[in-house]
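Residue numbers (the working numbering), protein chains in the order written: chain A, 2 to 323; chain B, 5 to 126.
This report refers to the structure that appears directly beneath it.
Okay, structure coming up:
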């Protein structure tokens, strides 16, 4: 049941299209310049209007107001009945289904499905004809909006992911620093969330992204839970290596040699009730990183270092080591 | 398995505006220990069942790339958690079943486990 990455991508794209249908307004996709015909025109005049403009139907308008709609089908019927000189006003459909320009495109899609019409006149808030809408207008509008959005995110990603190539130095490191407040359980995780988004923009592959963000989150929660005054979480991002470190000024750990043993914990009961403090955080960090180092004492507080190698081939590797 | 089918199976109620019933869920897991989720969840479109309803369940889901969360025993998360869920685009569902019962229903319906049972390197 596992989805391949291309299938996953397809699902994401699909949801993005669905989102867009619910965001696009009729006014953004309609054709604003409408060819119209007056009810006083003859059917013969209508025929040449349709032929010259290569359209198959048009709204009928008197003094800016929509009074009906007429299509090539009405024209054929009129000619079959030898009424070529009859007026458009006598042959048109008077009960017109129209959409408002400020309605969602999806409402127009529903109307198309409900009535089976090929086009819908669009009215502005005063009931004046503002444009015309066909099914292919909606498709084109969706494609345009989709590609604009795609390009915007692509450009942002491209710029961010090329930052190391664009900066010319012997060794470039991007340093991100986050302050983590003590005992603020509700907001804990925000720093890791921001770090995750930044790494995504920088083009980190999913496996590396996961290893770093889970480690960052465990480290951040340790600061929230244990550090008396909270602390700092710093990510130093280089082209070949990410160093994640946290610093606090206490209380420090007495038996620092035991901290990587699974199950080692000093967490209070309230922390455990919230689903943390089972003594797995540091061993998780150790498992997800390539190298972990901790120095701590009651006098100096705690410094945690976790190193992640950035290798270009990691993109296809499993998310966990060993 | 589609998310809307999962909601039907556990007779759940969707709590967020963020909800795409057509989303494919490929596996599921259940935990009240967030470190367990962080340690054992495999990558993929997976579902988390939990009895906890605070922000950190969502943060854990975010870091582990979990696609949807079901709260058991009819638990309702507080408004800030609902807001965070909308921000993170993670749908939240509540159901009246116990964790054991909800897991049983989904497992019987064919939703596989999303995790490694234990770490082999320890």
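No residue lacks a Cβ here, since even glycine has one placed at the ideal position from N, Cα and C.
Because the structure is a prediction, the values reported are computed rather than measured.
From the beta-carbon of residue 37 of chain B, the residues of chain A found nearer than 7 angstroms are 276 and 279. Between residue 292 of chain A and residue 42 of chain B, the alpha-carbon positions lie close to 18 angstroms from each other. Ranked by Cα distance from residue 35 of chain A, the first of A:25, A:51 and A:26 is A:51. In this chain, residue 207 of chain A is not harboured by any beta strand (DSSP E); it is covered by the alpha helix (DSSP H) spanning 207 to 227. In the DSSP assignment, residue 104 of chain A falls outside any alpha helix (DSSP H) and carries neither an H nor an E. If you draw a 10 Å sphere on the C-beta of residue 29 of chain B, you find 16 or more other C-beta atoms in it, and that means buried.
Here the alpha carbon of residue 77 of chain A sits roughly 48 angstroms from the alpha carbon of residue 153 of chain A.
Note that the stretch 202 to 209 of chain A does not touch the stretch 225 to 232 of chain A; fewer than 3 beta-carbon pairs, one per stretch, sit closer than 8 angstroms.
By a beta-carbon distance limit of 8 angstroms, residue 89 of chain A does not contact residue 143 of chain A. Their separation comes to about 33 angstroms.
Residues of chain B with a Cβ closer than 7 angstroms to the Cβ of residue 211 of chain A are, in chain order, 47 and 69. When the Cα atoms are used, residue 236 of chain A and residue 259 of chain A turn out to be separated by approximately 25 angstroms. For residue 195 of chain A, the closest alpha carbon among the candidates B:66, B:8 and B:84 is that of B:66. In chain order, 229 and 302 place their CB closer than 6 angstroms to the CB of residue 251 of chain A, counting only its own chain and leaving out the 5 sequence neighbours on each side. If you look at residue 166 of chain A, you'll find it in the alpha helix (DSSP H) that goes 164 to 167.
In this structure, DSSP gives residue 256 of chain A a state outside helix and strand, which the three-state scheme calls coil.
Cβ atoms of residue 210 of chain A and residue 197 of chain A come within 8 angstroms of each other, at about 7 angstroms. Under a criterion of Cβ atoms nearer than 9 angstroms, the residues of chain A adjacent to residue 59 of chain B are, in order, 186, 187, 188, 189 and 190.
Checking the DSSP bridge columns, you'll see residue 242 of chain A partnered with A:310. Around the beta carbon of residue 122 of chain A, 16 or more other beta carbons lie within 10 angstroms, which makes this residue buried. When the alpha-carbon of residue 75 of chain B is set against those of B:117, B:86 and B:49, the nearest one is in B:86. In the DSSP annotation of this structure, the continuous segment of the alpha helix (DSSP H) that includes residue 108 of chain B starts and ends at 103 to 112. The shortest C-alpha to C-alpha distance from residue 78 of chain B to any of B:97, B:84 and B:22 is the one to B:97. Distance between residue 265 of chain A and residue 61 of chain B, taken at the CA atoms: about 22 angstroms.
Judged by DSSP secondary structure, residue 31 of chain B falls within the beta strand (DSSP E) whose first and last residues are 31 to 34.
If only complete runs of 4 or more residues are kept, the stretch 142 to 208 of chain A shows the alpha helix (DSSP H) at 164 to 167 and 191 to 202, in order along the chain. Shown here, residue 73 of chain A sits in a helix according to DSSP, grouped into three states.
Under a criterion of Cβ atoms nearer than 8 angstroms, no residue of chain B is adjacent to residue 41 of chain A; the nearest Cβ is some 51 angstroms distant.
Look at residue 41 of chain B here: in three-state DSSP terms it is helix. In chain order, 128, 129 and 130 place their CB closer than 8 angstroms to the CB of residue 66 of chain A, counting only its own chain and leaving out the 5 sequence neighbours on each side.
Checking the DSSP bridge columns, you'll see residue 297 of chain A partnered with A:303.
Residue 270 of chain A and residue 298 of chain A have their C-alpha atoms some 23 angstroms from each other.
Counting of Cβ neighbours within 10 angstroms places residue 95 of chain B among the buried residues, the total reaching 16 or more. DSSP places residue 43 of chain A within a strand segment (E or B) once states are collapsed to three.
In this structure residue 91 of chain A is not in contact with residue 45 of chain A, their Cβ atoms being roughly 13 angstroms apart against a cut-off of 8 angstroms. For residue 243 of chain A, not one C-beta of chain B is nearer than 8 angstroms to its own C-beta. Residue contact check for residue 42 of chain B against chain A: a CB pair falls below 8 angstroms.
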